[in-house]
Each structure stands twice: as C-alpha cells, then as structure tokens.
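Please read the structure below before turning to the comments.
Residue numbers (the numbering used here): 2 to 291.
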C-alpha cells in the first residue's frame, strides 16, 4: 500500500516467514530505491516525502518475511513515527502501524512494549472506528495471543479478550462468518491449554466444526481444518484412542488429497498425523492382548 493509504493490519496468529532468492533481490532493489529517494528528498524529521516512507515500509515487510526481525524493527519504528507525526497518534493510519510494530516486537519477545502498543491501538481504534470494527477486533485478538504467551498469570485476562473478539464477531458478522469461526477456534485452542477446561474446549471445537459444516459443507477447506483441530485435540489433549479420532484424521487426509493434492504440505502433515495415530493405537492394542 502507499504511504497515504491506511495500510494493512498484521495478524498475530497468522505470522509467516520465508526466504527466497526473489525476496533477497526485492530487498536489494528496495534498498537501492530508498537510497535514491533519500538523495532526491533530503531528510527533514517528520517531513519526509511519502515515497520514502513507502519504500521504508516495503523494506520492513520484506525483512519481516525473511525473519530478519532485528533489521526490520527500525523500519517499522520509522514508519510509525512518520504516520503519528503526519496524521496524529490516534489516526487509523498510525494505529495500524502501531499494531504492526507490536506484532514484530512480540516475535522478538519484547512483550511489555508490544502490549503497550496493542492497548494504545485498541483505545484509538475503539474511539475512531468502534469497538466491534474489524480492525479493532483484530488488534484485540493480537493482544489476547500475546497475553496467552505470557504465561498463567495473564491467562484470565487473555480469556477475556478472546471472548470479546468472539462476541464482537458474532454481533457484527454472524455466527457462520469465517472470521467468527476463527475467533471460536482461537478460544477453543486457548481453553484446551488451561487446567480443567478441556470439556469446554471440546464443546467449542465441536461447535466450530458443526458451524463450518452447516454453512460451507463437509468438503470446504475450513471444515477440514476444523476437523483436523478436533482430531488433534482429542488425540493430544484428551489422549483418546478411539474410532472417532481416527476417522476424523482419515476424513482430513481424504479431503486434503481431493482439495489440495497429495503432495501439498497440509496433506503430507495430515497423513503423518494419521499414520502416527494408527501406529499408536496398534501398539496400545498389542500391549492390551499380551
């Protein structure tokens, strides 16, 4: 996006990294472009040309995708400073950049500063956009993920935010919208990690799968992903060794083969899970009959 656009809102639980020759070449070209722009438009703090900030953001994004987080951080900070100076600290353009910096800082284990930025963004977005706006709820979700990773002492607060996102998504988008179903998945996953909350987590995982099936059909990729989540939960959290879990794993493998192909990484991973589970059940049964 351009320097005068709202930009994009990075999603905490969808962070991804990759390195390729194309990315390295893109980084080199963008650095050359930035150097040229800085010669053409001499530096004036807070008054840098938008084209410079555009290049700064592009470089930061390229570095982030290559997991060069320490190199990316100064570019994210520079962009945030510019947007705050140009539009004000509570402007949507600045708040989105604050959220994006917080995502990066979380990846660098700078939790305290990331939390501060998330809370600042949520306050501004709630005021300017509304409490249930998609951008606001995405930042709330990012904060919930951050708090979850900070350990048991922040679990209760994290749960409050996971539930806030789910309630907001249901109110604004309805119970069958993919964003709502992702919020339901996030809450179920969180509860599955908490002591004595497994029953509630199972209920939510089953509800998620049922909603995907009802709204999108049994073969939709989202439905298959929900089935995989339920199978993984029954297997790894509840330690169940039964036909239901095995059939869920088989369903996912069959669906991924048909939808994505047998060589897709998701299909390969699903097949590995199935093979491991079947082997595990066979071993347990052999011990039982000794």
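Where a beta carbon is used, it is the ideal one built from N, C-alpha and C, also for glycine.
- Helix, strand or coil at residue 277 [DSSP, three-state]: Here residue 277 corresponds to residue number 276 of the chain shown, with the count starting at 1. Helix at residue 277.
- Kindly indicate which three-state DSSP category residue 295 falls into: helix, strand or coil? Nothing in the structure corresponds to residue 295, since the chain is present only between 2 and 291.
- Span of the alpha helix (DSSP H), counted from its first residue to its last, around residue 99: By one-based count along the chain shown, residue 99 stands at place 98. Taken as a continuous stretch (DSSP letters only), the alpha helix (DSSP H) holding residue 99 covers 93-108.
- Of the residues 237, 226, 247, 243, the one placed nearest residue 268, counting alpha carbons only: As a working mapping, residue 268 is identified with position 267 in the chain shown. Among 237, 226, 247, 243, the Cα nearest to that of residue 268 belongs to 226.
- Item | residue 222 beta carbon less than 8 angstroms from that of residue 260 | Numbered from its first residue, the chain shown carries residue 260 at position 259. Numbered from its first residue, the chain shown carries residue 222 at position 221. In contact: residue 260 and residue 222 (Cβ atoms closer than 8 angstroms).
- Item | Residue nearest to residue 280 in terms of C-alpha spacing, selected from 185, 255, 236, 264 | Here residue 280 corresponds to residue number 279 of the chain shown, with the count starting at 1. Ranking 185, 255, 236, 264 by CA distance to the CA of residue 280 puts 236 first.
- Message: Need the endpoints of the alpha helix (DSSP H) that residue 199 sits in, please.
- Response: Here the question's residue 199 lines up with position 198 in the chain shown. For residue 199, the enclosing alpha helix (DSSP H) stretches over residues 199-217.
- Task: Have a look at residue 8 and residue 136 and give me their C-alpha separation to the nearest angstrom.
- Result: One-based indexing of the chain shown puts residue 8 at position 7. One-based indexing of the chain shown puts residue 136 at position 135. Caution is warranted here: a pLDDT of 43 is assigned to residue 8, below 50, making its placement in the model unreliable, and the coordinate value is therefore given only provisionally. Straight-line Cα distance between these residues: approximately 11 angstroms.
- Task: Go to residue 22, then tell me how far its alpha helix (DSSP H) extends in each direction, as first and last residue.
- Result: Taking the first residue of the chain shown as 1, we reach residue 22 at position 21. Taken as a continuous stretch (DSSP letters only), the alpha helix (DSSP H) holding residue 22 covers 22-41.
- residue 239 in three-state terms, based on DSSP: The residue labelled residue 239 in the question sits at position 238 within the chain shown. DSSP places residue 239 in coil when its eight states are reduced to three.
- Query: By Cβ distance, which residues of its chain are closer than 7 angstroms to residue 1, with the 5 residues on each side in sequence left out?
  - Reply: In the structure as shown, the chain begins at 2 and stops at 291. Residue 1 is therefore absent and cannot be evaluated.
- Message: Excluding the 5 residues flanking residue 258 on each side, which residues of the same chain have their C-beta closer than 6 angstroms to its C-beta?
- Response: For the purposes of this step, residue 258 is taken as residue 257 along the chain shown, with counting starting at 1. Cβ within range, chain order: 268.
- Task: Out of 255, 205, 167, point me to the one whose CA is closest to residue 132's CA.
- Result: Reading the chain shown from its first residue, position 131 is the one you call residue 132. The candidate whose alpha carbon is nearest that of residue 132 is 167.
- Item | Contacting residues, own chain, Cβ-Cβ under 6 angstroms from residue 202 (five flanking each side not counted) | By 1-based counting over the chain shown, the position of residue 202 is 201. Closer than 6 angstroms at Cβ, skipping near neighbours: 189, 192, 193.
- Message: Would residue 118 and residue 70 qualify as a contact pair, given that the criterion is a beta-carbon distance under 8 angstroms?
- Response: Against the chain shown, residue 118 aligns to sequence position 117. Against the chain shown, residue 70 aligns to sequence position 69. No.
- Give the single residue among 93, 195, 228 whose Cα lies nearest to the Cα of residue 255. The residue labelled residue 255 in the question sits at position 254 within the chain shown. Relative to the Cα of residue 255, the nearest Cα in the group 93, 195, 228 belongs to 228.
- Task: With DSSP as the reference, label residue 15 as helix, strand or coil.
- Result: For the purposes of this step, residue 15 is taken as residue 14 along the chain shown, with counting starting at 1. Only weak support is given to the placement of residue 15: the predicted model assigns it a pLDDT of 40, under 50, and the question is left unresolved by the model.
- How is the alpha helix (DSSP H) around residue 191 delimited, first residue to last? The residue you call residue 191 lines up with position 190 of the chain shown. Run containing residue 191: 179-193, per the alpha helix (DSSP H) assignment.
- Straight-line Cα distance separating residue 100 from residue 84: Counted from its first residue, the chain shown places residue 84 at position 83. Counted from its first residue, the chain shown places residue 100 at position 99. The straight-line gap from Cα to Cα measures roughly 13 angstroms.
- Task: Select from 130, 24, 88, 163 the residue whose C-alpha is nearest the C-alpha of residue 143.
- Result: Here residue 143 corresponds to residue number 142 of the chain shown, with the count starting at 1. It is 163 whose Cα lies nearest to the Cα of residue 143.
- If you pair each beta-carbon of the segment 145-160 with each one of the segment 169-182, do three or more pairs fall below 8 angstroms? The segment 145-160, when compared against the segment 169-182, does not touch it at the 8 angstroms Cβ threshold.
- Ends of the alpha helix (DSSP H) at residue 248? Here residue 248 refers to the residue found at position 247 when the chain shown is read from its first residue. Membership of residue 248 in the alpha helix (DSSP H) is indicated by the continuous run 244-261.
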